[in-house]
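Working notes, structure below.
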Amino acid sequence: MDQENQKTAIVTGAYGAIGFAIARKLAFLDYEVFLLGRNERRLEEAVATIQALKPDAKVWYELVDLSSLSSIKDLYKRWEGPLHILINNAATTPRERRTTNDGFELQFATNILGYFRMMHYFSEYMTGKKDARIVNVASSWAGDLDINDLQFEHRPYHNDLAYRQSKQANRMLTVAFAERLDNFGIAVNACHPRDVNSKLSNNLGYGGHESPETGAITPVWLATDPAGINYTGKYFENKQMVQCEFSKNKVAIEELYRYCRQFT
Ligand SMILES: NC(=O)c1ccc[n+]([C@@H]2O[C@H](COP(=O)([O-])OP(=O)(O)OC[C@H]3O[C@@H](n4cnc5c(N)ncnc54)[C@H](OP(=O)(O)O)[C@@H]3O)[C@@H](O)[C@H]2O)c1
C-alpha cells in the first residue's frame, strides 16, 4: 500500500486465537496494524512473530484493559490517529461471577461495554476516512439477554448464559452504532467467526474444531473486501449476510444503547 492509501487497523484481543490470526492477515494485506491487549509480554511476542514472518510488516501494540473505562480513555487520549478499521474481538468467559475494580460484572464490562466504548471513542478518529469500517466479532451462539439484569445481580451467574447475552448485545449494538455512524461514513457490521479452540471456548466447555485462520476469514473479509462497504448494521456468517433475529426489536436496541451509554 503506498503512503497515500495506507490504512490503519486496530484489533482487540490480538494475541488470542482468532485475534492473532486477524492481525496477521491484515499485516499481510499491508495494513498498519495495532495489536491491543493487556499483557505486554504476549503483545511483544505477537508483534515479533508477525515481523518474523513479514519483515516489512507495520505492526505495533498498545496496552489496554478493555474492561476498564479509564484504560480505554487513556488509549483514546494518546492515540495519534488516523484509524480506518476497528475490529472488536476481545472477550472473556470467566467461570465464576467476577467484577472489575469499578464494580461491573466482568463479561458485561469486557464483552459488551468494551465493544461499546471502543466504538464510541474510536469512531471519532475514523470519521471522514475513506472506507472506514468497524467489525464486531460476535457469535451465532447468542441469546437470553435480560435488559433488567445485564450484570447478573438477580439471575444466578453462569458463564455460558452471560456469554450468550454478551454476543446478543454485540449484534444489537452493531445496529445501534451503524445507524449513528452512517452519516460519518463508517460501516458497522457483526459476524460469527466459526468455532475455534481457544481459552474462551474451552472455558465454555467446548473446543471448536476450526483453525484460528478460518476464524479470521469473515472478520477480515468484512474489514477489507470491497464488497464489505455495501453493508452496515448487518450480521454475517461465512462471508454471507444472515438475517439477525436481534436486529428487529429497535426499542430493545435503543434501550440497550442508552443503558451502556451512561458508562462512557
Ligand atoms: N472460539 C470460538 O469458537 C468463537 C466462536 C464464536 C465467536 N467467538 C468470538 O471470537 C472472539 C475471540 O475469541 P477467541 O476464541 O479467539 O478467544 P481467546 O483466544 O480467549 O481470545 C480472547 C482475547 O481477548 C483478550 N481479552 C479478554 N479480556 C480482556 C481485557 N479485559 N482487556 C484486553 N484484552 C482482553 C484475551 O486476553 P487475555 O489472554 O489477557 O485474557 C485474548 O487475547 C470473541 O469475541 C469470541 O466471542 C469465538
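Quick note: to get this note's numbering, add 2 to the position in the sequence shown (first position is 1). Glycine included, C-beta positions come from ideal geometry on N, C-alpha and C. Note that this is a predicted model, so its numbers are computed, not measured.
query: Which residue comes first and which comes last in the alpha helix (DSSP H) that contains Leu-65?
result: Numbered from 1 along the sequence shown, position 63 holds the residue referred to as residue 65. No alpha helix (DSSP H) holds Leu-65; the beta strand (DSSP E) holding it covers 61-65.
- prompt: What is the residue span of the beta strand (DSSP E) that Gly-230 lies within?
  reply: As a working mapping, residue 230 is identified with position 228 in the sequence shown. Run containing Gly-230: none; DSSP gives neither H nor E here.
- prompt: Just reading off the alpha helix (DSSP H) that Val-177 is part of, what are its end residues?
  reply: Mapped onto the sequence shown, residue 177 falls at position 175. Counting along the chain, the alpha helix (DSSP H) containing Val-177 begins and ends at 161-183.
message: Please tell me whether Ile-1 and Ala-134 are closer than 7 Å, where the distance is taken between their beta carbons.
response: The question about residue 1 has no answer, for the chain in this structure spans 3 to 266.
- prompt: Measuring CB to CB, does Leu-88 end up less than 7 Å from Ile-12?
  reply: By one-based count along the sequence shown, residue 88 stands at place 86. By one-based count along the sequence shown, residue 12 stands at place 10. Going by C-beta atoms, Leu-88 is nearer than 7 Å to Ile-12.
query: From Tyr-259 to Ser-249, what does the alpha carbon distance come to, in whole angstroms?
result: Reading the sequence shown from its first residue, position 257 is the one you call residue 259. Reading the sequence shown from its first residue, position 247 is the one you call residue 249. When rounded, the distance between both Cα atoms is 13 Å.
task: For the beta strand (DSSP E) holding Thr-10, just list the boundary residues, first then last.
output: On the sequence shown, position 8 is the one that residue 10 refers to. Segment 10-14, the beta strand (DSSP E) holding Thr-10.
message: So for Asn-205, helix, strand or coil by DSSP?
response: Locating residue 205 in the sequence shown gives position 203, counting from the first residue. Three-state result, Asn-205: helix.
message: Need the endpoints of the beta strand (DSSP E) that Leu-68 sits in, please.
response: On the sequence shown, residue 68 is found 66 positions in, with the first residue counted as 1. Neither: Leu-68 is in no beta strand (DSSP E) and is coded neither H nor E.
query: Going by Cα to Cα distance, which pick from Phe-30, Ala-192, Tyr-63 and Leu-65 is closest to Leu-55?
result: Sequence index remark: in the sequence shown, residue 55 carries index 53 (1-based). It is Phe-30.
query: With C-beta atoms as the reference, is Pro-221 less than 7 Å away from Cys-193?
result: Locating residue 221 in the sequence shown gives position 219, where the first residue counts as 1. Locating residue 193 in the sequence shown gives position 191, where the first residue counts as 1. Yes, these two residues count as a Cβ contact at 7 Å.
task: Please decide whether Glu-181 counts as near chain C, where near means a Cβ-Cβ distance under 7 Å.
output: The displayed structure is made up of one protein chain only, and chain C is not part of it.
message: If contact is defined by three or more beta carbon pairs under 8 Å, each pair taking one atom from either stretch, is the segment 56-63 in contact with the segment 114-130?
response: no
- request: Determine the DSSP secondary structure at Phe-106, reduced to helix, strand or coil.
  value: Working through the sequence shown from its first residue, we reach residue 106 at position 104. Under the three-state reduction of DSSP output, Phe-106 falls in the coil class, being neither helix nor strand.
message: Suppose the cutoff is 7 Å on Cβ atoms and the five residues either side in sequence are ignored; what does the same chain contact list for Pro-214 look like?
response: As a first step, residue 214 must be located in the sequence shown, where it is residue number 212. Within the same chain, Pro-214 has close Cβ partners Ala-19, Ile-20, Phe-22, Ala-23 and Val-198.
query: When DSSP builds the beta bridges, which residues end up paired with Ala-192?
result: By 1-based counting over the sequence shown, the position of residue 192 is 190. Note: Ala-192 sits in a beta bridge opposite Asn-138 and Tyr-237.
query: Should the segment 43-51 be regarded as contacting the segment 71-85, the criterion being three or more beta carbon pairs within less than 8 Å?
result: no
field: Exposure of Asn-138, with buried meaning 16 or more beta-carbon neighbours within 10 Å
entry: Position 136 of the sequence shown holds residue 138. That one is buried.
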